[in-house]
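Colleague:
Residue numbers (full-length UniProt numbering): 1 to 83.
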């Protein structure tokens, strides 16, 4: 039986590669009894989709830029953090 730590690692890896049959089976078994890991898996998928949407939006509108005011606020916050 997988621990939650092992299950979360496999959930993350499943976004980048195809899990082995053994890994998929162990993960499915764990997810049938662990609501927390099921939610974590759904959150990973939502984050992945949000990142894909953000890439599409920035590709569609390359003129997206911060205002001078926003840049100044960020610079000011960074200066304060360095002190």
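For every residue, glycine included, the Cβ atom is placed at its ideal position computed from N, Cα and C.
Here the structure is a predicted model, which means the values were calculated and not measured.
What would DSSP say about residue 2, mapped onto helix, strand or coil?
Modeller: Start at 1 with the first residue of the chain shown, and residue 2 comes out as number 2. In the structure shown, residue 2 sits in coil (DSSP, three-state: anything other than H, G, I, E or B).
Colleague: To the nearest angstrom, how far is it from the Cα of residue 28 to the Cα of residue 17?
Modeller: Translated into positions along the chain shown, residue 28 becomes position 28. Translated into positions along the chain shown, residue 17 becomes position 17. So the two alpha carbons sit approximately 16 Å from each other.
Colleague: So the candidates are 72, 13, 73; which of them puts its Cα closest to the Cα of residue 44?
Modeller: Residue numbering aside, residue 44 sits at position 44 when the chain shown is read from its first letter. Comparing Cα positions, the closest option is 13.
Colleague: Can you grab the Cα-Cα spacing for the pair residue 41 / residue 6, in whole Å?
Modeller: Taking the chain shown and counting its residues from 1, one reaches residue 41 at position 41. Taking the chain shown and counting its residues from 1, one reaches residue 6 at position 6. Distance between the alpha carbons of residue 41 and residue 6 is about 13 Å.
Colleague: Note down the Cα distance separating residue 38 from residue 55, rounded to an integer number of angstroms.
Modeller: Counting from one through the chain shown, the residue named residue 38 turns up at place 38. Counting from one through the chain shown, the residue named residue 55 turns up at place 55. Straight-line Cα distance between these residues: approximately 26 Å.
Colleague: Classify residue 78 as buried or exposed, calling it buried when 16 or more other Cβ atoms lie within 10 Å of its own Cβ.
Modeller: Numbered from 1 along the chain shown, position 78 holds the residue referred to as residue 78. With fewer than 16 Cβ atoms within 10 Å of its Cβ, residue 78 is classed as exposed.
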